[in-house]
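Worksheet: the structure to be examined is printed underneath.
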Amino acid sequence: MTLARTRFATLFATALLCGSAPMLATAAPDDATVRLEVSGARNASGDVGCMIFNAPEGYPADHGKALREKHGRIEAGRAVCEFEQLAPGTYAAIVWHDENLNGKMDRNLMGIPQEGYGASNNVRPRFSAPGFREASFVVKAGAVTTQAIQLGY
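Residue 28 is where the sequence shown starts when you use the working numbering, and the numbers rise one by one after that.
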């Protein structure tokens with residue numbers, strides 16, 4: 028290879044690397060994972076619905092404002108929902124035993140849940156739905172954050 032070709036190849040490779048550096052710097056992957064380990068299902072009917080929120084708006088019941096929603100199969104009274112590729116930050120989760128597979132938590136005429144439910148940090152307020160602040164937890168970059176949630180009926 029001639030000296031001119033070697034210099035051109037070196038300059039080309041350097042320019043290519045320098046040109047892609049800003050993309051690499053700004054494309055920090057959302058590499059955190061939240062694993063919800065749900066226990067206490069009273070039967071294996073239906074599945075466990077899980078929603079994760081990254082803001083108080085809509086928490087805990089608005090499916091449209093949840094960051095993501097998943098459903099986990101019940102085995103031996105337990106289910107798991109795993110949310111991958113999350114950005115580091117503050118999150119709160121809500122889970123419910125969707126016994127009739129209608130995709131929502133059923134309530135009676137007074138608004139009291141008729142299916143089992145639980146929240147991150149195992150928050151169980153007596154006379155209201157759990158709030159985002161009390162159910163929130165911090166997720167760090169690259170980490171797997173596990174929340175063990177007990178269903179209550």
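The beta-carbon is built from N, C-alpha and C at its ideal position, and this holds for glycine as well.
Just so it is clear, the structure is predicted and the values come from calculations on it, not from any experiment.
| query | So what's Glu161 in DSSP terms, helix, strand or just coil? | reply | What you label residue 161 is simply residue 134 of the sequence shown in a count that begins at 1. Per DSSP, reduced to three states, the secondary structure at Glu161 is helical.
Give me, in chain order, the residues of the same chain whose beta-carbon lies closer than 6 Å to that of Val150; leave out the 5 immediate sequence neighbours on both sides.
Mapped onto the sequence shown, residue 150 falls at position 123. Correct list, in chain order: Pro157, Glu161, Ala162.
Inset, instruction - State whether the stretch 103-110 contacts the stretch 128-140, with contact taken as three or more CB pairs (one from each stretch) at a distance under 8 Å. - result: With the rule of 3 Cβ pairs closer than 8 Å, the stretch 103-110 does not count as touching the stretch 128-140.
Notebook entry, point to check: With DSSP run on the structure shown, which of helix, strand or coil describes Ser66?
Noted result: Along the sequence shown, read from residue 1 onward, the residue named residue 66 stands at position 39. Correct three-state label for Ser66: strand.
Open item on the list: What does the Cβ neighbour count give for Ser147, buried or exposed, with the cut at 16 atoms within 10 Å?
Closed with: Locating residue 147 in the sequence shown gives position 120, where the first residue counts as 1. It is buried - the Cβ of Ser147 has at least 16 other Cβ atoms within 10 Å.
* **Backbone secondary structure at Lys92 - three-state DSSP** => Position 65 of the sequence shown, counting from 1, holds the residue named residue 92. Looking at Lys92 - three-state DSSP - the assignment turns out to be helix.
(Q) Following a CB-centred definition, is Asn81 positioned closer than 7 Å to any heavy atom of the ligand GTP? (A) As for the ligand GTP, it is missing from this structure, which has no ligand bound.
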